[in-house]
Amino acid sequence: MIEFTIWDILRNLLLATRWTIVLSAVSFVGGGIVGLGLLFLRISKRKWSRSLAKYYIELFQGTPLLMQLFIAFFGLGLFGIDVPAWLAAGLALILWSAAFLGEIWRGCVEAIAKGQWEASASLGMGRLQQMRYVILPQAMKIAVPPTVGFSVQVIKGTALTSIIGFVELSKAGTVVTNATFQPFTVYGLVALIYFALCCPLSKSSQILERKLNVAHRNH
Amino acid sequence: MFAKQGCALNYQFEFGWLAEYYPQIVKGIGITVELIAVGAVAGISLGIFCAWVRALGPAWLKPIVALYVELIRNTPFLIQLFFIFFGLPSLGLQLSELQAANVAMVVNLGAYSCEIIRAGIQATPKGQFEAGASLAMTRFETFRHVVLVPSLQRIWPALSSQVVIVMLGSAVVSQIAAEDLTFAANFIQSRTFRAFEAYIVSTAVYLALAVLLRQVLAIVGGLIFPRRAAR
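In order, the protein sequences belong to chains A and B.
Read in order, the letters of the first sequence correspond to residues 959 to 1177 in the working numbering.
Read in order, the letters of the second sequence correspond to residues 1297 to 1527 in the working numbering.
See below:
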């Protein structure tokens, strides 16, 4: 019987944390790119593109992330592709984050006063120019706190990928538990590592939000 | 080998298993509904208590509640569930799968709803407290009638979305073998090898449950908060 020290456990968990961080970063950036596309569809003048984006968002916000992971994992297999867990995990998380980010950003764009659209239109700007030079720079400022806040949800979401077999922090926790028979210590440490990853982000989101509020009140 | 042959072009969708396995799905839906019903009622109650502590409660309790809220909000539900189900028995607290799932959902929703309700309470103008006091209400009465109910009304939409999020999150309780809807889907796919179909069907059921839950919460909101004077 091998004895495991706390340090042994922690070292293994920290090694697996790398993959949680990588997957979170990939999902967040990828989700941001797709989400930006969704945002443009959602606020477009064409009705079909608005409802397309709307249904996409409803679908991904109205079903469990776990199911999306399962469907990505087993559904891609139908195309004859041998799906590694990381691919299904990354794909599902990107599509899922995109739905939430798209919706968050739409709220921010809609918070911009109508007069800004009219003013920029009266300067002869096209739709894209309006977005690029007038709307997005202002919307981005409001968007930062909720976007940072959502990154916490992405990190927590990556925990589910352990269920389809992607080895990250949660999966490592299960593996280490099976080797050490110390679930209390191991899952406690896993929770603390997640906390250490997420807490700075949610705190900075709160601080940014407060700063923004102060800035608005001074206007 | 066999998986490779199932190409998109010749894959035959097969839902014949539904006839045999629908009782599993119905049972799973029942458990998921039970989990969210208990979770919502107990979780929101816990959230109200924690919000009261953070806004007006005794000073010694405040840091404890703050720590609880931060810990839950910054860790994944899956890990909370594993900690409760696998970790707590070593402290002598053995829970069944369903009990652990229930506790995890209550604890989880409690923390999130605390933050939401607190935001509602903080938006209450100070004058409301003073007005309550001037009507000779006790601090508790003021909190209950003057502060809490209007605050809840204000944040009810946000609270409803959080309940839906927790319902969808409950899919992971299948991982400790609580027999919810996802558990039924896993069971069916392991018996029939129709993984894609089983998950498509259960995903559709989750979507319907989410839509339904939103309606139910809107109706409940309408019942708890009879139309008040426009503010």
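Glycine included, C-beta positions come from ideal geometry on N, C-alpha and C.
Source: prediction; values computed, not measured.
Are residue i and residue j touching if we call contact CB-CB under 9 Å?
i	j	result
A/Leu1159	A/Gly1123	no
A/Leu1034	A/Leu1045	yes
B/Phe1379	A/Ala1154	no
B/Asn1398	B/Val1334	yes
A/Gly1142	B/Phe1382	The question names Gly, but residue 1142 of chain A is Phe in the sequence shown. In this structure, B/Phe1382 lies closer than 9 Å to A/Phe1142 by Cβ.
A/Gly989	A/Ile1039	no
B/Val1460	B/Leu1513	yes
A/Gly1020	B/Val1462	no
B/Ser1466	A/Gln1140	no
A/Leu996	A/Leu1059	yes
B/Ser1430	B/Ile1321	no
B/Glu1250	B/Ile1472	What is shown of chain B runs 1297 to 1527, which leaves residue 1250 of chain B out entirely.
A/Ala1057	A/Ile1015	yes
Whose C-alpha, out of the options, is nearest the C-alpha of residue i?
i	options	result
A/Leu1086	A/Phe998, A/Val984, A/Thr978	A/Phe998
B/Leu1391	B/Ala1481, B/Ala1474, B/Arg1510	B/Ala1474
B/Ala1500	B/Leu1377, B/Leu1464, B/Gly1312, B/Glu1437	B/Leu1464
B/Phe1309	B/Ile1515, B/Glu1493, B/Phe1378, B/Leu1513	B/Glu1493
B/His1441	B/Ile1368, B/Ala1504, B/Arg1350, B/Ile1417	B/Ile1417
A/Ala1079	A/Val1067, A/Val1092, A/Ala1069, A/Glu1068	A/Val1092
A/Thr975	A/Gly990, A/Gln1019, A/Lys1129	A/Lys1129
A/Gly1131	B/Phe1311, B/Leu1377, B/Val1329	B/Leu1377
A/Ala1011	A/Thr1021, A/Gln1019, A/Arg1000	A/Arg1000
B/Ser1486	A/Trp1075, A/Ile1015, A/Phe1032	A/Phe1032
A/Ile1121	A/Leu1017, A/Leu1023, A/Val984	A/Leu1023
B/Leu1509	B/Ser1456, B/Ser1430, B/Leu1367, B/Leu1389	B/Ser1456
A/Ala1101	A/Gly1020, A/Glu1068, A/Val984	A/Glu1068
A/Ala1071	A/Ala1097, A/Phe1058, A/Leu1081	A/Ala1097
B/Gln1458	B/Arg1369, B/Phe1311, B/Gln1471	B/Arg1369
B/Gly1353	B/Phe1436, B/Leu1331, B/Ala1315	B/Phe1436
A/Val980	A/Thr1119, A/Asn1136, A/Ile1165	A/Thr1119
A/Gln1164	B/Gln1511, B/Glu1366, B/Gly1388	B/Glu1366
B/Tyr1502	B/Thr1328, B/Thr1434, B/Tyr1307	B/Thr1328
B/Ala1415	B/Val1516, B/Ala1351, B/Asn1482, B/Gln1424	B/Ala1351
Quick one: what's got a C-beta closer than 6 Å to residue i's C-beta in the same chain, skipping five residues either side?
i	result
B/Leu1343	Checking the displayed sequence, the identity of residue 1343 of chain B turns out to be Gly instead of Leu. Cβ neighbours of B/Gly1343 beyond the five flanking positions: Gly1406, Ser1409, Cys1410, Ile1413.
A/Thr978	Thr1116, Glu1126, Leu1127
B/Cys1346	Val1361, Cys1410
B/Ala1526	Note on B/Ala1526: pLDDT 44, under 50, position unreliable in the model; the coordinate value appears next. Once the five neighbours on either side are set aside, B/Ala1526 has no close Cβ partner at all.
B/Gly1428	Thr1438, Val1442
B/Val1469	Ala1397, Asp1476
A/Ser982	Val1112, Ile1113, Thr1116
A/Thr963	none
A/Gln1074	Val1092
Leaving out five residues before and five after residue i in sequence, what residues of the same chain have Cβ atoms less than 7 Å from its Cβ?
i	result
B/Trp1313	Ile1484, Thr1488, Arg1490
A/Ala1030	Ala1046, Leu1049, Ala1050
A/Val1134	Ile967, Asn970, Leu971, Val1144
B/Tyr1317	Ile1484
A/Ile960	none
A/Ser1002	Arg1008
A/Val1110	Cys1156, Leu1159, Ser1160
A/Val1041	Phe1031, Leu1034, Gly1035
B/Tyr1330	The sequence shown places Glu at residue 1330 of chain B, not Tyr. Nothing meets the Cβ criterion.
A/Phe986	Ser1055, Ser1109, Val1112
B/Asn1286	Residue numbering for chain B in the displayed model covers 1297 to 1527; residue 1286 of chain B lies beyond these limits and cannot be assessed.
Contact check, residue i vs residue j under 8 Å by CB: the rounded distance?
i	j	result
A/Tyr1013	B/Ile1375	Incorrect: roughly 32 Å between the Cβ atoms, too far for contact.
B/Val1402	B/Gly1339	5 Å
A/Ser1055	A/Gly993	7 Å
B/Lys1323	B/Ala1504	At roughly 17 Å, the Cβ-Cβ gap does not stay under 8 Å, so B/Lys1323 and B/Ala1504 are not in contact.
B/Phe1373	B/Ala1336	B/Phe1373 to B/Ala1336, Cβ: 15 Å. No contact.
B/Tyr1495	A/Met1025	6 Å
B/Ser1447	B/Thr1420	6 Å
With a CB to CB cut of under 8 Å and the five nearest residues on each side skipped, what residues in its chain are close to residue i?
i	result
B/Leu1357	Val1349
A/Asn1171	none
A/Ser1162	Val1106
B/Met1433	His1441, Val1442
Would you call the region 1097 to 1113 of chain A and the region 1051 to 1065 of chain A touching, i.e. three or more CB-CB distances under 8 Å?
Two segments are said to touch when three or more pairs of C-beta atoms, one from each, lie closer than 8 Å; by this definition the region 1097 to 1113 of chain A touches the region 1051 to 1065 of chain A.
Determine contact between the region 1510 to 1525 of chain B and the region 1448 to 1463 of chain B, defined as no fewer than three beta-carbon pairs at a distance below 8 Å.
Segments in contact, yes.
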